[in-house]
Structures are given as C-alpha cells and as structure tokens.
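So the structure is just underneath, and the comments pick up after that.
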Amino acid sequence: MDTWIWVLIVVVALIAGVALGFFIARKYMMDYLKKNPPINEEMLRMMMMQMGQKPSQKKINQMMTMMNKNMDQGMKK
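Numbered by this note's numbering, the letters in the sequence shown go through residues 7 to 83 in order.
What follows is the structure, encoded as structure tokens:
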C-alpha cells in the first residue's frame, strides 16, 4: 500500500481515540460526581456557621435541593 493511506489510517485512528477517550472520561466524571457530590449537608452547615448564620435544617434542605436541581440541569446540557 501507499504511504499516504497508512498516514490517513493513523490520523483517523488518533482522532477517533481522542473523541472516544473524551466521552468516556466525561461519563465517568458525571457518574462520580453524582455518587460523591462535592458538597454535603455537613459541609454546608459548617459554611453557614462560618458566615455567621445559624443553619436550620429547613434552610439546609432548601439549599441542598437547589444545588441538586442545578447539578441535574447542568448534566442534561
């Protein structure tokens, strides 16, 4: 075979590998963040106390619901 065919095969394989790797890594990170959210209730409670607010469970639940809703909307995009 000619050399240009081999070069074309290598370039196509490289592009396909990069694209496939990107989508696999993206899926892995989305699943990881869904299982292990970056902020949980305890962290939220500590942040509110550091800001001088007395966190009630109702306020924490509202903020967690808001954060989860925003995260779900971000994943759908």
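Just so you know, even glycine gets a beta-carbon here, dropped at the ideal spot from N, CA and C.
Small disclaimer: the values here were computed from a predicted structure and weren't measured.
**OP:** Throw me the rounded Cβ distance for the E47 and M70 pair, which I believe falls under 8 Å.
**Re:** 6 Å
Original post:
Just how far apart, CA to CA, sit S62 and M53?
Top reply: 13 Å
Original post:
In this structure, does DSSP put D8 in helix, strand or coil?
Top reply: coil
**OP:** Tell me whether Q79 sits in a helix, a strand or coil according to DSSP, three-state version.
**Re:** helix
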